[in-house]
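The next block holds one structure in the form of structure tokens; read it before the comments.
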Amino acid sequence: VVYVSHPVDVRYQSMNIYIPVEYYEGKNIRKYNADTAPIFLTNDVGRYMSSQAGAPIKDRRTGKDNAILVALSKGYVVASPGARGRKLTNDKAQYIGKAPAAIVDLKAAVRYLRFNDKIMPGNAEKIISNGTSAGGALSALLGASGNQKIYHSYLNELGAAAARDDIFAVSAYCPITNLDNADAAYEWQYGHVKDYKVINLVHPGYIEIFTETLTEEQIAVQPKLAAMFPKYVNSLKLKDENGKTLTLNDKGEGTFKEYVKKFVINSANKAISEGNDLSKYSWLEFKNKKVVGLDFKTYSKEYLSRSKSAPAFDALDLSAGENNLFGDLTVDNKHFTKFSFDNNTAKFFITEYPVEGGARTYEYTKAQMADADIVKMMNPMNFVKNTSTQNWRIRHGAKDADTSLAISTILATTLRNHKKAVDFAMPWDIVHRGDYDLEELFEWMDKISTK
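By our numbering, the letter at position 195 of the sequence shown is numbered 179, and the numbering carries on one by one without gaps.
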């Protein structure tokens, strides 16, 4: 179904809805029926690119049932919306998928489900969003920003249904989120690492991995960005489960860092309890066959290893995917942090063709800064204080270097500090991916949906 009445591109502003046939026969599946079944709203967005509606198929990488198939088998109604992404253009060569297009599209999909709740199986008061990477960020943003007025003009322009767009719960795998603070967080964790892995997709199913070294220019920005992070963390006034304030000193050390390490240590101990031998990792400290400490610098360099240049997200030369996200109808890439805007190195060329003489090309370096409201609309941290979404499940793999471990920790802790129920973990040996623990995910979904 097309979920808006004035679509910009129906290929992406469409949603596949799957309903177990039993609900049309008056039957139950486990504890659910046509009226009570939660709606599993899962997106396939990656790298903030355009994404089409998903289907119930086998996962290409694992050969196992994908999340949609598993959801249907457990009695969930499934809604899989497509969404516009950063490279999408129209027939006038205008960019029609820049921020905030993707989150606006997902909100419109939620409104469609709510608007039609009475005439279709499934309970629109129990919408549970799921996504991975950029899709995980959008899932978190969807949960944080329900019914916020700042999005209304965009939704009205698309002809979104006149209904609420808040949701019941969020599942977010490795969310690439809090982008305006992600560069500082990355250098806080990886500022001592000068080599980074580059992954090239040669063709579907085959990737090349090679190592690059940061340039002198990139190395020079590392300490500047890292120095910005403690001030940001301290401004959040985060507290742990015991009410202890989480802070960092000027060197990036403190209770917040120890708190991040605690999630890695817990993950290592869970892996050991499941029969894994971690004794080969010299950066883990053991006592009575349990992990009690962690050399964070060595862990970050040797086990995780850096996967981005510097800055990691708002590239000085506007070359990052996130620069591309924050463009507009006519400008492809923009900065979205003051630091990178002030230190811009992107070069642009204009060519003039005078009536007499040959063409002349001029170089200039003036880049543009993304609109502050659009940057705000893409960061769930701006809305978590007021969200009605109570239930959150956030996962960031202990071997995932696509963003700092601090980013998900900050999101999860902020939500907890605002009395939300948060299930947060850093699963051992998991790299940048999602949907790897579907049985655990659906156990959590069942628990929150039936309590």
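In this text, a Cβ means the ideal position worked out from N, Cα and C, and glycines have one as well.
What residue range is occupied by the uninterrupted alpha helix (DSSP H) comprising L222?
L222 -> no alpha helix (DSSP H), and no H or E assigned at all.
Looking at the C-beta of E6, does it have a partner C-beta in chain D at a distance below 8 angstroms?
Absence of chain D from the displayed structure is noted, only one protein chain being present.
Check G61 in the structure and name its three-state DSSP category.
It is worth fixing the name first, because residue 61 is Val in this sequence and not Gly. V61 falls in the strand class under three-state DSSP.
With 16 other Cβ atoms within 10 Å as the buried cut-off, status of D298:
buried
Which residue comes first and which comes last in the beta strand (DSSP E) that contains L25?
P22 to T26
Selection from N253, N250, I256 and K221 that minimises the alpha carbon distance to T239
K221
Of all the options D301, D384 and V88, which has the alpha carbon lying nearest to the alpha carbon of D316?
D301
Nearest candidate by alpha-carbon position, reference W267, set Q78, L399, A252 and G259
A252
Uninterrupted beta strand (DSSP E) stretches inside the stretch 143 to 184 (no shorter than 3 residues)
153 to 157
Taking S284 as the reference, which of I111, Q36 and S388 has the closest Cα?
S388
Under the rule that 16 or more other beta-carbon atoms within 10 Å means buried, what is D357, buried or exposed?
exposed
Cutoff 6 angstroms; reference V406; Cβ partners in own chain excluding five residues on either side:
W376, A396, L399 and R400
Going by C-alpha to C-alpha distance, which of A83, Q(-3) and P295 sits closest to V359?
A83
Within 8 angstroms, strictly: CB atoms of R469 and R148:
Nothing can be reported for residue 469, as the shown portion of the chain is limited to -15 through 435.
Determine the extent of the beta strand (DSSP E) in which D407 is found, giving its start and end residues.
A405 to A409
Can you check which of these residues, L232, I432 and Y16, is closest to W172 by C-alpha distance?
L232
Leaving aside the five residues before and after V(-6) along the sequence, list all residues of the same chain whose C-beta is less than 8 angstroms from its C-beta, in chain order.
V(-14)
Please state whether the Cβ-Cβ distance between A409 and F247 is less than 8 angstroms.
yes
For D49, list the residues DSSP reports as bridge partners.
K42
Rounded to whole angstroms, how far is the Cβ of N0 from the Cβ of A39, which I believe are closer than 8 angstroms?
6 angstroms
Assigned exposure category for N140 - 16 Cβ within 10 Å defines buried
exposed
Would you identify the three-state DSSP class for M365, choosing helix, strand or coil?
helix
Which partner residues does V275 have in the DSSP bridge list?
F270
Please classify Q206 as buried or exposed, where buried requires at least 16 neighbouring CB atoms within 10 angstroms.
buried
Going by alpha carbons, who is nearest to V244 out of K281, D261 and A211?
K281
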